[in-house]
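Asker: Note that our numbering gives residue 125 to position 139 of the sequence shown, counting from 1, and the numbers run on in steps of one. A virtual CB, placed ideally from N, CA and C, is assigned to each residue, including glycine. These figures come from a predicted structure and were not determined experimentally.
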Amino acid sequence: MARRFGRRGQTRLLVGLDIYLPIKYSARELQLKKFWSNPFATPTFESNIRTGALLKSVRIRFVRKSEKKYGWVRANLIAGNKEAWYAHLIEFGTGSYYTGTGSKSKKQPYEIRPKNKKSLFFAGVMREVIVHPGIKPQSFMRSAFDASSDRAIRAFADYIRVRLPKEIKKLNP
């Protein structure tokens, strides 16, 4: 299950430049992907990397409908894929530590029972039932997104300032 965090406000950026510029999708996407290529470049996240599957699952998805209808761009930062299916478990926690809004978790400790045998064997101890309190949430998406989004918008504004004269020349030959 992929979690999405969007950043709106592209209109404010363009109003700040006092002109609306019809730049192609590919140019916008290229610029945003360039500066959000590693949104998790924070010391806390980098110290917890084991396999790198979660980091590789991070991607940016653009909503094209918003551009055509309303004239603004919406980008969603998404984590999770077939290999890193556990992204939401790390972000929101499980069991009694669950902080999300989904209805699947009862926000309480849960029991683990054996499926095929009569008992479970963990850490040298055999048990019929193990009560698992859950996993504490380690919020990585929101903090990394907040740390990187302003930098990405500044970079995009710089890109528009450079591209602005070229687009004006195209419109007024």
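So what does ARG113 bridge to, in DSSP terms?
Answerer: Bridge partners of ARG113: LEU106.
Asker: Measuring straight from C-alpha to C-alpha, what distance separates LYS93 and TYR84?
Answerer: Straight-line Cα distance between these residues: approximately 6 Å.
Asker: Below 8 Å between beta carbons: does that hold for PRO119 and GLY79?
Answerer: No, the pair does not count as a contact, with Cβ atoms beyond the cut-off.
Asker: Where do the N-terminal and C-terminal ends of the beta strand (DSSP E) with PHE97 fall, by residue?
Answerer: What sits at residue 97 in the sequence shown is Glu, not Phe. Counting along the chain, the beta strand (DSSP E) containing GLU97 begins and ends at 96 to 98.
Asker: Let me know if MET127 comes out buried or exposed under the rule of 16 or more other beta-carbons within 10 Å of its beta-carbon.
Answerer: Looking at its Cβ environment, which holds 16 or more other Cβ atoms inside 10 Å, MET127 is buried.
Asker: Can you give me the C-alpha to C-alpha distance between ARG45 and VAL148, rounded to a whole angstrom?
Answerer: Cα to Cα, the separation comes out at about 26 Å.
Asker: Just to confirm my understanding: we take MET112, look at its own chain, exclude 5 residues before and 5 after, and list those with CB closer than 8 Å. What are they?
Answerer: Once the five neighbours on either side are set aside, the close Cβ partners of MET112 are SER105, LEU106.
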